[in-house]
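Input: a single structure, listed below in structure tokens.
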Amino acid sequence: MKYSFHPDARKEFSEAIEYYNECQQNLGLEFVKEVYNSIQLILKFPNAWSPFSMSTRRCMINRFPYGLIYQQTEDEIYIIAVMQLNKEPTYWHKRIKE
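With the first letter of the sequence shown counted as 1, position 78 gets the number 1478 in our numbering; the numbers rise by one all the way through.
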């Protein structure tokens, strides 16, 4: 199975990396590792996380206040948002693939 990011999710991911690198040297790299570890778990066990909306699930990121909001198709995990948990909780709904 493969995965891809919604363009806005990719932007959120990059902005979070920049933010953590400004906070502490190499913290952005630690964030990247945790996100990619989570993606690998999602790819292996796509149904392991509870539904977050009618067609999405949310996987929480270890050590950081973020979650990956994703949709599963037959052959792909589509990451809709790299969601900071203290943000408006439904801002990403317009990104869902129908």
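Quick reminder that beta carbons are idealized off the backbone N, C-alpha and C, glycines included.
- Y1466 and M1483 have their C-alpha atoms roughly 5 angstroms apart.
- Assignment of alpha helix (DSSP H) within the stretch 1418-1459, counting only whole runs of 4 or more residues, yields 1427-1444 in chain order.
- Boundaries of the beta strand (DSSP E) around L1468: 1466-1472.
- Taking 8 angstroms as the cut-off, the beta carbon of F1431 is found closer than this to the beta carbon of Y1420.
- Across the set M1460, T1456, L1429, the C-alpha of T1456 shows the shortest separation from the C-alpha of E1476.
- Residue pairing of I1496 in beta bridges, as defined by DSSP: absent, with no partner found.
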